[in-house]
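See structure below.
There are 4 protein chains.
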Amino acid sequence: MNSIDKLSELFEKFPGVGKRQAKRFVYFLLRKNSGYTKDLSDAILNIKKNIRLCEESFQFFYTERGGNLSPIASNPNRDDSKLMIVEKDSDLENIEKMGVYDGKYFVLGGSIPVLSKTPNEFIRETELLRLIEKKKDKIKEIVLAMSVNPQGENTLEYLRKILENFNIKISILGRGLSTGTELEYSDKDTFMSAFENRR
Amino acid sequence: MNSIDKLSELFEKFPGVGKRQAKRFVYFLLRKNSGYTKDLSDAILNIKKNIRLCEESFQFFYTERGGNLSPIASNPNRDDSKLMIVEKDSDLENIEKMGVYDGKYFVLGGSIPVLSKTPNEFIRETELLRLIEKKKDKIKEIVLAMSVNPQGENTLEYLRKILENFNIKISILGRGLSTGTELEYSDKDTFMSAFENRR
Amino acid sequence: MNSIDKLSELFEKFPGVGKRQAKRFVYFLLRKNSGYTKDLSDAILNIKKNIRLCEESFQFFYTERGGNLSPIASNPNRDDSKLMIVEKDSDLENIEKMGVYDGKYFVLGGSIPVLSKTPNEFIRETELLRLIEKKKDKIKEIVLAMSVNPQGENTLEYLRKILENFNIKISILGRGLSTGTELEYSDKDTFMSAFENRR
Amino acid sequence: MNSIDKLSELFEKFPGVGKRQAKRFVYFLLRKNSGYTKDLSDAILNIKKNIRLCEESFQFFYTERGGNLSPIASNPNRDDSKLMIVEKDSDLENIEKMGVYDGKYFVLGGSIPVLSKTPNEFIRETELLRLIEKKKDKIKEIVLAMSVNPQGENTLEYLRKILENFNIKISILGRGLSTGTELEYSDKDTFMSAFENRR
């Protein structure tokens, strides 16, 4: 196949990239000097080289010295008694940037579509259960931090069910008015939560 | 002045209506039959005729039999111990449509711009204080239901201050994740509230 | 019916106005003083009083001295040999604002939906034919100025057919690249016209 | 530097890609299997290998058998007497997809910012002049096919000036109403062109 079309097809698989933008990426690369394309090619080839998947939190992390734990997972100053379960690395990153949570994390690697018959294929279920089993004496609270949409709610429910036997407190992030919410347009679920959680 | 331009200018004062839309409204009316324009003209002229401003809640309400209290304010089944303060009629209406709140209301009639030097010009302060003074034996909780934006926050702060001497519990609607919030993009304030209000 | 709901329903008929905005208009009027609502009510009631429909061009025009012709139709300096047919008053107004056309107009009052079986119900067909019959010795060119969309194209075709027997030159506005057109995204029709009309 | 951040920075250079999307691309690649990242890395490294820049038209083209001319430039059935000058490969591609132009092309490689003092740095001026010099006996018309925006207009003017001595007809794509233009909102330039180009 034509190398322009081939590369274009590979770019089309990128999240949020359509046919047209994929083509623009290719023409962009054709116009760039070889130094840039070589750098990019190398960076992609080696992206996994110094990146590991933390064996506890399943966060991707960069390391040159090896090791199986991410900086957060191995940080003795992080509170072992709280475990926050997030869907993906970028959720974790956004939360870390805020600097307001001092516990540990577990990255599920996905969320469960509504009505799915094989929920465990979408998330790291075995790895999660293994981690909690191992740390169950330390963990006092598991915070389920899912986005507020049908798939997120479905994942919440599933997690509650598979975690209920651990005898650990399970919490979910509070619902209510978020930045920018206008009362005139707020939906019933949001208002009800906001009213119940009034303080 | 040309009557097309005159009416156009009056429509331009409507909320969210620009020059072009105002003109379209006028041409729309020119093409409509006289029955419709007569109806509209009468309805506007008489809009206040059977509409009263509730002397307790300051909600506009429709009545043919007179009376000074809105149906909600005069409803003996509504809980007198809770008073929710909202900015405007459409907020109240949205909340009523949900059917989840059974207390009373007070409509402020506006919100206070940040850095305003004359906050009481933007809201019905005297009327609010008079109502609370009169009902202070019944009211056990005042819920401040403001939108989550700088002007709303500013109004919240001002209300807390002017209400603090009543020795009545003041609460605000809870903050947290609202419908549609994606953790990857949530802001710090929202996440912090959601984390603190986890359950 | 409740007068708030009644006025709200009348506003919902306005072009581009939904349920929510209609309600906002009503609350806006309830908060305005009686001077403004009286003015508005009068302006609507009298919108047609000094407005006439030009008996030649069918443009609405304002007049205090009576007369059956719009300023443009009765202006001896406008070129009688060109007649531009437009769909609606706001098209005419936009073109006049540019100050580049010195001929006369006819306002069709609408456009013909594709596949319509009663095209003459949507436009002032009889009035148009009558005008051209009357002025056929003066008119040297009829310019069909329709928007470029299926309904506009359909109207064009219909007009060409009913006007072909007059032995007057019929032209349509040229097609090509318009302000903002990017070649990368231009459609085939536009490019073909632009190529054919290159100069 | 951390390899996640490094790759992220390289992606940020892509047209239309911001910080956040660049990060998503990286996490996307981290989750993909090595087969895909290897393919992508190779495709980027080799993007220029079988791609050549046509020495006449300066279009990028794919070839396994070598050769210095693109399929269009070397196609004996394409009309040598017309040369269309476009800004970039994707413009050419969009036009070819329509199948309505049978002449040759020249890809400028850019357009000239308004007020630029070094216009020839933004386009392949020397290469263009060389091509026209070489083909001046065959070329009967040069079509300047620029987008309709200030930068495109500026490029048009500059090209007209540097090409005026060749004694070849220079044309530009016609202006007028393009698909979707509504007369009510059309701008003066577009309407004037449409009126002048009426037919």
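Listed in order, the protein sequences are those of chains W, L, P and E.
Residue numbers 1352 to 1550, in this note's numbering, belong to the letters of the first sequence in order.
Residue numbers 1352 to 1550, in this note's numbering, belong to the letters of the second sequence in order.
Residue numbers 1352 to 1550, in this note's numbering, belong to the letters of the third sequence in order.
Residue numbers 1352 to 1550, in this note's numbering, belong to the letters of the fourth sequence in order.
The beta-carbon is built from N, C-alpha and C at its ideal position, and this holds for glycine as well.
(1) So, does the CB of L/R1375 fall closer than 7 angstroms to a CB anywhere in chain P?
(2) Taking W/M1435 as part of the beta strand (DSSP E), name the residues at either end of that continuous run.
(3) Output, in chain order, the set of chain P residues within a Cβ distance shorter than 7 angstroms of L/Y1413.
(4) Strictly by DSSP, which residues pair up with E/L1404?
(5) Can you tell me where the beta strand (DSSP E) holding L/L1495 begins and where it ends?
(6) What residues from chain A crowd round P/Y1378, counting only those whose CB sits closer than 8 angstroms?
(7) I think L/F1409 touches L/V1458, with their Cβ atoms under 8 angstroms apart; what is that distance to the nearest whole Å?
(8) From L/K1389, L/L1396, L/I1436, L/T1388, pick the residue whose C-alpha is nearest to that of P/D1390; which is it?
(9) How is P/V1377 classed by DSSP in three states: helix, strand or coil?
(10) Assuming E/N1445 contacts P/L1528 under a Cβ cut-off of 8 angstroms, what Cβ separation, rounded to an integer in Å, is found between them?
(11) Per DSSP, what are the beta-bridge partners of L/K1520 in this structure?
(12) Which residues, in order along the segment 1511-1542 of chain L, keep a beta-carbon less than 9 angstroms from a beta-carbon of chain W?
(13) At the 7 angstroms Cβ level, is P/A1545 part of the contact set with chain E, yes or no?
(14) Name the DSSP beta bridge partners of W/Y1456, please?
(15) Using 10 angstroms around the beta-carbon of P/G1369, count the other beta-carbons present and answer buried if the total reaches 16, otherwise exposed.
(16) Going by the CB atoms, is the gap between P/I1436 and P/L1482 shorter than 7 angstroms?
(17) When Cβ atoms are compared, which residues of the segment 1421-1433 of chain P fall closer than 7 angstroms to chain L?
(18) Note down, in chain order, each residue of its chain lying with its Cβ closer than 7 angstroms to the Cβ of P/T1414, except the 5 sequence neighbours on either side.
(19) For W/R1526, which three-state DSSP category applies?
(20) If L/R1511 sits next to L/I1521, beta carbons under 8 angstroms apart, how far is it from one beta carbon to the other, in whole angstroms?
(21) If we call anything under 7 angstroms between Cβ atoms a contact, is P/V1377 one with P/I1398?
(22) Starting from E/P1501 and walking both ways along the alpha helix (DSSP H), at which residues does that stretch end?
(23) Check whether the Cβ atoms of P/E1406 and P/N1419 lie closer than 7 angstroms to each other.
(24) Please name the residue, chosen from W/A1394, W/L1381, W/M1352, W/I1423, that lies closest to W/R1456 on a Cα-to-Cα basis.
(25) Are there 16 or more other CB atoms within 10 angstroms of the CB of W/R1375, so buried, or fewer, so exposed?
(26) Can you confirm whether W/N1445, when its beta carbon is compared against all beta carbons of chain L, has any partner nearer than 7 angstroms?
(27) L/K1433 to L/K1539, Cα distance in whole Å?
(28) On the CB-based measure, 16 or more other CB atoms within 10 Å of its CB, does E/M1497 come out buried or exposed?
(29) Classify E/L1420 as helix, strand or coil using the three-state DSSP reduction.
(30) If we cut at 7 angstroms on Cβ distances, does L/V1499 have a partner in chain W?
(31) If the cut is a Cβ gap below 7 angstroms, which residues of chain L does W/Y1452 touch?
(32) When you check each C-beta in the segment 1473-1505 of chain P against every C-beta of chain E, which residues fall closer than 7 angstroms?
(33) Could you spell out where the alpha helix (DSSP H) holding L/Y1536 opens and where it closes?
(34) Quick one: Cα of L/L1514 to Cα of L/R1416, how far?
(35) If I follow the unbroken alpha helix (DSSP H) through L/S1462, where does it start and stop?
(36) Can you give me, in chain order, the residues of the segment 1384-1400 of chain P that have a beta carbon less than 8 angstroms from any beta carbon in chain L?
Let's see:
(1) Under the 7 angstroms criterion on CB atoms, L/R1375 is classed as interfacial with respect to chain P.
(2) Run containing W/M1435: 1430-1437, per the beta strand (DSSP E) assignment.
(3) Ordered by position in chain P, the residues that pass the 7 angstroms Cβ test against L/Y1413 are N1353, S1354, I1355.
(4) Looking at the DSSP output, E/L1404 bridges to E/F1411.
(5) Element bounds for L/L1495: 1492-1496.
(6) Protein chains W, L, P and E are contained in the structure displayed, whereas chain A is not.
(7) Between L/V1458 and L/F1409 the Cβ distance is about 4 angstroms, and since that is below 8 angstroms, they are a contact.
(8) Out of L/K1389, L/L1396, L/I1436, L/T1388, L/L1396 has the C-alpha closest to the C-alpha of P/D1390.
(9) Looking at P/V1377 - three-state DSSP - the assignment turns out to be helix.
(10) Rounded to whole angstroms, the Cβ separation of E/N1445 and P/L1528 is 13 angstroms, and the two are not in contact under 8 angstroms.
(11) DSSP lists L/E1492 as the bridge partner or partners of L/K1520.
(12) Of all residues in the segment 1511-1542 of chain L, only S1522, I1523, L1524, G1525, R1526, G1527, L1528, S1529, T1530, G1531, T1532, E1533, L1534, E1535, Y1536, S1537, D1538, K1539, D1540, T1541, F1542 come within less than 9 angstroms of chain W when Cβ atoms are compared, listed by chain position.
(13) Contact of P/A1545 with chain E is assigned, a C-beta pair being separated by under 7 angstroms.
(14) Answer is W/M1435, bridged to W/Y1456.
(15) Taking all protein chains shown into account, P/G1369 has fewer than 16 neighbouring C-beta atoms within 10 Å of its C-beta and is therefore exposed.
(16) In this structure, P/L1482 lies away from P/I1436, with their beta-carbon atoms at least 7 angstroms apart.
(17) Of all residues in the segment 1421-1433 of chain P, none has a C-beta nearer than 7 angstroms to a C-beta of chain L.
(18) Hits under 7 angstroms: N1401, R1403.
(19) Strand at W/R1526.
(20) Contact flag correct, Cβ pair sits at about 6 angstroms.
(21) Contact: no.
(22) First-last of the alpha helix (DSSP H) with E/P1501: 1501-1514.
(23) In terms of Cβ geometry, P/E1406 and P/N1419 form a close pair [threshold 7 angstroms].
(24) Sequence check: residue 1456 of chain W is Tyr here, not Arg. Looking only at W/A1394, W/L1381, W/M1352, W/I1423, the smallest Cα-Cα distance to W/Y1456 is reached by W/I1423.
(25) Label assigned to W/R1375: buried.
(26) At least one chain L Cβ lies under 7 angstroms of W/N1445.
(27) Answer to the nearest angstrom: the Cα atoms are 31 angstroms apart.
(28) Under this definition E/M1497 is a buried residue.
(29) DSSP places E/L1420 in coil when its eight states are reduced to three.
(30) Residue-level contact check: L/V1499 touches chain W, since one or more beta carbons of chain W fall below 7 angstroms from its beta carbon.
(31) What W/Y1452 touches in chain L: F1546.
(32) Residues passing the 7 angstroms Cβ filter: V1494, A1496, S1498, V1499, N1500.
(33) No alpha helix (DSSP H) holds L/Y1536; DSSP gives it neither H nor E.
(34) One Cα belongs to L/L1514, the other to L/R1416, and the distance between them is close to 35 angstroms.
(35) That residue, L/S1462, is in no alpha helix (DSSP H); it is neither H nor E in DSSP.
(36) Legend: CB atoms of the segment 1384-1400 of chain P lying less than 8 angstroms from CB atoms of chain L belong to residues S1385, Y1387, T1388, K1389, D1390, L1391, S1392, D1393, A1394, I1395, L1396, N1397, I1398, K1399, K1400.
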